[in-house]
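Residue numbers (numbering that gives the first Met the number 0), protein chains in the order written: chain A, 0 to 185; chain B, 0 to 191; chain C, 0 to 527.
Just so you know, even glycine gets a beta-carbon here, dropped at the ideal spot from N, CA and C.
Keep in mind it's a predicted model, so treat the numbers as computed, not measured.
For reference, the structure discussed in these notes is given below.
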Amino acid sequence: MSILSAIITLSLIAGLFGLILGYASIKFHVEGDPVVDKIDAILPQTQCGQCSFPGCRPYAEAIASGEAPINQCPPGGEATMLALADLLGVEPIALSEEHADEPVKTVVTIDETTCIGCTLCIQACPVDAILGAAKQMHTIIESECTGCNLCIPPCPVDCIAIVPVKIEPDTWRWPLPEQAHTAPGA
Amino acid sequence: MTEYALILISTIWVNNFVLVKFLGLCPFMGVSRKLETAMGMALATTFVLTLSSVCSYLVNEYILAPLALEYLRTIMFILVIAVVVQFTEMVVHKTSPLLYNVLGIFLPLITTNCAVLGVALLNVQEDHGFLQSAFYGFGAAMGFSLVLILFAGIRERITVADIPEAFQGNAIALITAGIMSLAFMGFVGLVK
Amino acid sequence: MSTASPIRRASLPEQLIIPLHQHIGENSEILVTKGERVLKGQPLTVAKAYVSAPIHAPSSGIVTDIAEYPAPHPSGLSTLCIVIKTDGENEWADLEPVSNYRDLSTAELRNIIRHAGIVGLGGAAFPTAVKLNPGPDHPIDTVIINAAECEPYISCDDMLMRERADEVISGIEIILHTLGAKKALIAIENNKPEAAEALQKSLGRTANENIHVVAIPTIYPTGGEKQLIKVLTNKEVPSDGLPIDIGIVVQNVGTTAAIHRAIHFGEPLISRIITVTGNGIKQPQNMDVLIGTSMAEVIQQCGGYTENAKQLIMGGPMMGFSMHTDHLPIIKGCNCLLVETTEQRQGMQTMPCIRCGECTRVCPANLLPQQLYWHASSRNFDQVQDYHLFDCIECGCCAHVCPSHIPLVQYYRFAKTEIWNQERDRKKSDHARVRHDFRQARLDREKRERDERLRKKKEMLEKKKQEESQASTAEIDPKKAAINAALERVKMKKASTTVTPKNTNNLTEEQQKKIDEVDKQRQASKTK
C-alpha cells in the first residue's frame, strides 16, 4: 500500500513539474543566444576558416552549442583561447596541434605586374579588402586585410604573397623583461 | 530575534558549510580562480540555498509528512530543487537579461550541489520551522559566499606569484583551503 | 653640472634628418619632393588630422632624400624622415609675425601655434594647439607653467629661464589670452634660485599681476603633470581624467618660449634646447640645437665622449631610453642626452621580489607597483588595469628603490603596449566583422535581386507565350506563318539527317518486335 502511494505521489509530482517546466520553456522562450554574440566578439574576425568552420560566426555558434572546442582559432592564438575559456567558464586547453601556429600578423599583397585581373580573389575576400575590376589590375587595401589568405588559392597566376604586418614605432611593443624565477639557492 | 541571529552567526562562522562541514567543496575549488566569477557564484548560491531550504521545508511539511513518505526525502528534495531552480532560471532569462548575465551560468551549476541538498536535509534533521529554515539556508549561503570570495582573492594573487613547481596549481590551492579551515576552527566556541 | 656655461648654439650641421613622426598623434602629410630647395622655416608637411603637428625645415638647403631612417625610439625601428642637405645660407622663408596678438581670436592664435608645429617640449610631445583647445565645456581657471625639470641631470628649462625669461613670460601671456584663464602659476623647484630671480625680474618689467612664480620642493617626480597639480593646488586629477577636467592646463616652459617665437616672430618650432650631460661627456652643457641634427654631432660639439663612456640615454636617468647608436636625429621631444660611464644597473642582477613594499611607499601616483608587477609579468592584463596601470607615469621611482633590482617600469611599459595592441586588434576585428556582415548582406541582396529578375523574366516569357498562342489561334499573320514554316522545314531537315542508331541493325525478330511495341506505346503517349 505504502509503496503504491509512494509511486503515485512521486509520479504525480514529477509529472506536474514536467508540465510546469515544459510550459515555462515555451512561455519564457528567449530568441537568440547572447553567448554566441559574446563569443563572436572575442574571435578575431579574420573569417579565415582555419577552424574548419566557414567564418567566425559559425565557429562561435559551434562553440556555444558545444560542438567545437575553444582551441581551434590560429589567428587568435592563445589569447583568444584564454578569453573564451574565461567567458565560458571552462578550463583552458592547449591549442590543438593543427591550429597551433604562432599568430604572426600578416596581410597579403598582389604583385601588380603579374595580376591578370581575373577577379577571383575579389570573390574570395570575406571583408571586401580587394579592389579591382575584370581585366583591370587588382590591389589590396592593406588596412582592411585581415590576413586570412583566402584569396591565395583561387589566384590562377600566383601573384598574391603573404607579408608580415610592418611594425611601426607606434605599434611596437615592449618585450617582457627576463624574469628571475626562483631564489638563487633553489 | 536572538534565535535567528544565532542561526546566522553559527552558519557563517562557527559551522561554516565549506570549511567546517566540508559541504560544497566542488564550487569552492572550481570557481574560485577569479574574483569576478566567485562573486557571481556567491550570489547564485545565496539565491538557490535560501529558495531550496524554503521549498524543501514546504514539501516535507505538507506533502511527505501527511503521506508518511519521509523516506522519499532525498529524491524528492533533489527533484524539487532542480525544478525550482530551472524554472527561476527561465523566468530570469526572459525578464531580466542583466540579472541573467550575473547569475545565468551559475544557477544550474549550483543546483546539483551537496551543499544545497545538505541544507535541506539538515533543516529536517534539526527540526527547523519555516523561518528558521529560511535563515539557516541564507546563513549557510552567506558563509559559503564569504569563504569563496576570500579564497578567490587569495588564489588570484597566488596564481601570479612564483610558487615552487611542486606546489603549483591545485596543490597550493588545497593547502590554502586547509589553512583557511584551520583559521575558521578558531570560531568554535564563539557562541555559548 | 650642465649649468656652468650658458646655452650654446650648436653649429649648423651639413645634414639634417627630420623624422615625420615626432609627436603624439597622426602623421602629417609631406609637401616637398626630393631635390627641392627649401628655406629655413618652410613647412615640410601639413597636419591633416586634429591631433597632429607639421614639421619645418630647420635651415635652408636641398631635400636629398625622403626615406626611412633609424628613429630615436626605444624600439630602434626606422621611420619616414626628410633629409635636408644644408647650404649654409640659413635663408629664412617669409615669416608672418603677429603685431598684436590681442586682436586675433583664440581660434586664429591656436591655428598659428598649430601651423608652427609646436608640441609639448617637456618630453611627451603632445600637440600644443590641441591642449590649448579645451572646448566650451571646460572653462580653464589656472594655467600651470611647468618649470620643474622632469628629471635629475636635466637643466634645459633652468637655463632657458635664466637666459630667456622675457620670452617665457611673453609666451605665458599669449597662453593666458588664448585660454581666457585668470592666472598662471610658474612652478619652479627651489633649487633654481637664479631662474626664479630672472623670471621675477622679467615679471617686474611687464607688471602682469596674473602671473606668479611659485617655489616647489625639489622632489622627483614633481615635474609630472598630475603630481605638480597636486603640489600646487592640492587638487587631484581623476584617475581616468585630464587636468582640463578640473580647469587646469599645464604647459612646459620651453613650450611657452616656442609659442612666443611663433606669435611674435612667426618662427615655427625648428630648434630646441637640450641638455647634454653625464659623466661620459667631456663638457656637459646646454645646447640650442636644430631639430634633425645628429646626436653624434651634438656630442662632438660638447667635447665628445670621455674614455669610459658606456651608454647613451635619450631623456633623463629615470625615464630615458638607452640608444644603441648616436647616429640618430634630435627630435622635438628630446630634452636631454645623457651619457653614463657605467652601464645602467651594471652588476645588479635581477632577483626575485621579496614583497618588501618599498615600491608602494615611493609611488607618486599612489599605485601598488608590486601588484602591477605580479599581474603584468603573468600577462593578467585585466587585473593590471584594475590596479590602474594607466595612472602610472613611468617615473621609475619604484624600480630605483627596488632592493631586488627588478626593472619594474619595463614591466609596466610591456603591459601598456600589450593592452594597446589588444585594443587595436579588437578594433580591427570589430571593423572586419562589420565589413564581413556588410558583404554578406550585399551578397544576399544580390542573390535576391537576381532571383527576382529571373522570376520576372520567366513570367514575361510565359505571358508572351500565352499571348502568342492566343494570337496564333485568333489570326495567323503572314509573317508568323512564314516563320513557322521555316521552323517546320528546319525540323524536317533535322529529322531526316538524324543518324539512325546503329544498335538497331541486324536485329532478331524478337528484338524488332519489342522495339515496335515500345514505339507504339510512345506514339500513344504522345497523342494523349
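Asked, Found
"Short CB-CB distance (under 7 angstroms) between A/Thr186 and chain C", "Nothing about residue 186 of chain A can be read from this structure; chain A reaches only from 0 to 185."
"Inter-residue spacing [alpha-carbon to alpha-carbon] between C/Arg344 and C/Ile83", "The predicted model places C/Arg344 with a pLDDT of 49, which falls under 50 and marks its position as unreliable; any figure quoted below should be read in that light. Looking at the two C-alpha atoms, the distance is approximately 38 angstroms."
"Chain C contact residues for B/Ala160, given Cβ-Cβ distances below 8 angstroms", "Trp373"
"Candidates B/Ala4, B/Val123, B/Phe16: closest to B/Phe183 by CA position", "B/Phe16"
"Interface flag, B/Ile153 vs chain A, CB-CB below 7 angstroms", "no"
"Proximity test, C/Lys182 beta-carbon vs the ligand COA heavy atom, cut-off 6 angstroms", "Looking at this structure, you won't find the ligand COA or any other ligand, since it has none at all."
"Between the CA atoms of C/Asn334 and C/Ser58 - distance to the nearest angstrom", "20 angstroms"
"Beta-carbon proximity check, C/Ala9 vs C/Val288, cutoff 7 angstroms", "yes"
"Segment contact flag, the stretch 59-66 of chain C with the stretch 231-248 of chain C, C-beta cutoff 8 angstroms, min 3 pairs", "no"
"For C/Asp287: DSSP bridge partner residues", "C/Arg8, C/Ile272"
"Of the listed residues B/Val90, B/Ser144, B/Leu71, B/Asn100, nearest to B/Ala119 (C-alpha basis)", "B/Leu71"
"Where the alpha helix (DSSP H) containing A/Pro33 begins and where it ends", "33-41"
"Beta-carbon proximity of C/Phe380 to C/Ile418, cut-off 7 angstroms", "yes"
"Ordered list of beta strand (DSSP E) runs contained in the stretch 395-430 of chain C, each at least 3 residues", "none"
"Selected residue, minimal CA-CA separation from C/Ile210, among C/Pro216, C/Lys200, C/Ala195, C/Glu172", "C/Glu172"
"Per-residue burial, C/His551 [other beta carbons within 10 Å of its own, 16 or more giving buried]", "Within the shown structure, residues of chain C are numbered from 0 to 527, placing residue 551 of chain C beyond reach of any answer."
"Assigned secondary structure, B/Ile74 (DSSP; H/G/I helix, E/B strand, else coil)", "helix"
"Cβ shell of C/Thr78 (< 8 angstroms), same chain only, five flanking positions each side left out", "Pro18, Leu19, His20, Glu67, Tyr68, Ala70, His72"
"Any 3 or more C-beta pairs closer than 8 angstroms across the stretch 290-298 of chain C and the stretch 168-177 of chain B", "no"
"Own chain, CB closer than 8 angstroms to C/Pro351, minus 5 neighbours either side, in chain order", "Ser403"
"Closest by C-alpha distance to C/Val338, when choosing among C/Cys362, C/Pro192, C/His323", "C/His323"
"Pairwise C-alpha distance: B/Ala151 and B/Asn169", "13 angstroms"
"Rounded distance between the beta-carbons of C/Gly40 and C/Ile269, thought under 8 angstroms", "6 angstroms"
"Cβ neighbours of C/Lys512 in the same chain (closer than 7 angstroms, five flanking residues each side left out)", "none"
"Within 7 angstroms, strictly: CB atoms of C/Ser74 and C/Val45", "no"
"Residues of the stretch 6-19 of chain A with Cβ closer than 8 angstroms to any Cβ of chain B, in chain order", "Thr8, Leu9, Ile12, Ala13, Phe16, Ile19"
"Beta-carbon spacing of C/Cys155, C/Ile273 below 7 angstroms", "yes"
"Cβ neighbours of A/Met192 in the same chain (closer than 7 angstroms, five flanking residues each side left out)", "Absent from the structure is residue 192 of chain A, since the part of chain A shown begins at 0 and ends at 185."
"At least three beta-carbon pairs within less than 8 angstroms, the stretch 130-147 of chain B to the stretch 60-79 of chain A", "no"
"Rounded straight-line distance, which links the Cα of A/Thr138 to that of A/Thr45", "18 angstroms"
"C-beta neighbour in chain B for C/Ser531, strict 7 angstroms", "Because chain C spans 0 through 527 in this model, residue 531 of chain C falls outside it and cannot be assessed."
"Local conformation of C/Leu483 per DSSP, three classes", "Position check: residue 483 of chain C holds Asn in this sequence, whereas Leu was assumed. Helix, per DSSP."
"Length of the line joining the Cα atoms of A/Ala160 and A/Leu149", "12 angstroms"
"Cutoff 7 angstroms; reference A/Leu42; Cβ partners in own chain excluding five residues on either side", "Cys55, Tyr58, Ala59, Cys72, Gly75, Thr79"
"is_contact[A/Val126, chain C] using C-beta, thresh 7 angstroms", "yes"
"Per-residue contacts from C/Pro406 into chain A (C-beta, under 7 angstroms)", "Pro176"
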